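See below for the structure under consideration.
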Amino acid sequence: MAEIRLYNGDCIETMKQLDDASVDLIITDPPYNLGNFMKNRDTNLVKMRENFFGAAGWDDLDFDDWQKSMDNFFMESARVLKKGGSMIVFMAIIKVETLIRLAEKSGFYYKTTGIWHKLNPMPRNMNLHFVNSTEAWLYFTYKTRTGTFNNEGRLIHDFIETSITPNLVGIECCHK
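According to full-length UniProt numbering, the sequence shown holds residues 1 to 176 in order.
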């Protein structure tokens, strides 16, 4: 079996250290850049949470700056991924179309959008509107329409349903 390496760091800076065409799979969960969007809505989030992500400063880029950052990410990903490599990107559903366009510009082929249903999501805002219990993920292949799909002959749906935290941890812990 091939050696498996996991990297944890600023993805663009870390990818610069990697050789061209040296990666089989990228799984990433970049900032969704929803801070300004949420600040402009009358959701009362700031009063409900002192650590509201929209006020934290890391998720509130100007849209053009966020788009440029994601464009840089896809260009660097295209450099390090092998032909036929795959990428899964977690993202807010309202940003899916933008990501598909940016990825295709860098040579990625969009395969599908899947949904992760969280069985025990953070119950924030539950008295104001629906609890956000889903997250989108996009599946791309690089320079191919097929890629490698290790399903071992099983049917795999584009819908994943899991708990965020195991029952032993309790109701709440640190969620992303």
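Every residue, glycine too, gets a C-beta built ideally from N, C-alpha and C. Computed from a predicted structure; not experimentally measured.
C-alpha distance - R145 paired with S163, whole-angstrom precision
One-based indexing of the sequence shown puts residue 145 at position 145. One-based indexing of the sequence shown puts residue 163 at position 163. Whole-angstrom Cα-Cα distance: 32 Å.
Assuming A136 and T113 form a contact by the criterion Cβ under 8 Å, report the distance between their Cβ atoms to the nearest whole angstrom.
Taking the sequence shown and counting its residues from 1, one reaches residue 136 at position 136. Taking the sequence shown and counting its residues from 1, one reaches residue 113 at position 113. Right, the Cβ-Cβ distance comes to about 6 Å (below 8 Å), so this counts as a contact.
Compare the beta carbon distance of G153 and S86 with 7 Å and say whether it is the shorter of the two.
The residue you call residue 153 lines up with position 153 of the sequence shown. The residue you call residue 86 lines up with position 86 of the sequence shown. In this structure, G153 lies away from S86, with their beta-carbon atoms at least 7 Å apart.
Rounded to whole angstroms, what's the CA-CA distance from E3 to I26? Just pull it up for me.
By 1-based counting over the sequence shown, the position of residue 3 is 3. By 1-based counting over the sequence shown, the position of residue 26 is 26. If you take the alpha carbons of E3 and I26, they lie about 15 Å apart.
Under three-state DSSP, which class holds L81?
Mapped onto the sequence shown, residue 81 falls at position 81. In this structure, L81 counts as strand in the three-state DSSP scheme.
Considering only residues of the same chain and omitting the five flanking positions on each side of K83, which have a CB-CB separation below 8 Å?
Mapped onto the sequence shown, residue 83 falls at position 83. Short of 8 Å from the beta carbon of K83, and not among the five residues preceding or following it, lie these beta carbons of its own chain, in chain order: A21, Y142, K143 and T144.
Closest residue to K16 among S106, H157, F90 and E76 (Cα-Cα distance):
The residue you call residue 16 lines up with position 16 of the sequence shown. For the residues S106, H157, F90 and E76, the minimum Cα distance to K16 belongs to E76.
What is the DSSP secondary structure of F130, counted as helix, strand or coil?
What you label residue 130 is simply residue 130 of the sequence shown in a count that begins at 1. Of the three classes helix, strand and coil, the one that applies to F130 here is coil, per DSSP.
Keeping to the same chain, check which residues put their C-beta closer than 8 Å to that of C174; ignore five residues upstream and five downstream.
Mapped onto the sequence shown, residue 174 falls at position 174. Per-residue confidence for C174 stands at a pLDDT of 49, beneath the threshold of 50, marking its modelled position as unreliable; the derived number appears in the next sentence. Beyond the five residues adjoining it in sequence on each side, C174 comes within less than 8 Å, by CB distance, of no other residue in the same chain.
Which first and last residues belong to the alpha helix (DSSP H) in which L102 is found?
Translated into positions along the sequence shown, residue 102 becomes position 102. Its alpha helix (DSSP H) spans residues V96 to K105.
Compute the distance between the beta-carbons of T134 and H117, then report whether it is under 7 Å.
The sequence position of residue 134 within the sequence shown is 134, counting from 1. The sequence position of residue 117 within the sequence shown is 117, counting from 1. With respect to H117, T134 sits close: the two C-beta atoms are nearer than 7 Å.
Rounded to a whole number of angstroms, what is the C-alpha to C-alpha distance between D29 and K95?
Here residue 29 corresponds to residue number 29 of the sequence shown, with the count starting at 1. Here residue 95 corresponds to residue number 95 of the sequence shown, with the count starting at 1. Taking the straight line joining both Cα atoms gives about 13 Å.
Is DSSP giving T148 helix, strand or coil here?
The count along the sequence shown starts at 1 and reaches residue 148 at position 148. Here T148 sits in coil by DSSP.
By Cβ distance, which residues of its chain are closer than 7 Å to A103, with the 5 residues on each side in sequence left out?
For the purposes of this step, residue 103 is taken as residue 103 along the sequence shown, with counting starting at 1. So the list reads F74, Y110 and F140, once near-sequence residues are dropped.
In three-state terms, what does DSSP make of D24?
Taking the first residue of the sequence shown as 1, we reach residue 24 at position 24. D24: strand per DSSP, three-state reduction.
Could you give the residue range of the beta strand (DSSP E) that holds I115?
Counting from one through the sequence shown, the residue named residue 115 turns up at place 115. Start and end: F108 to K118.
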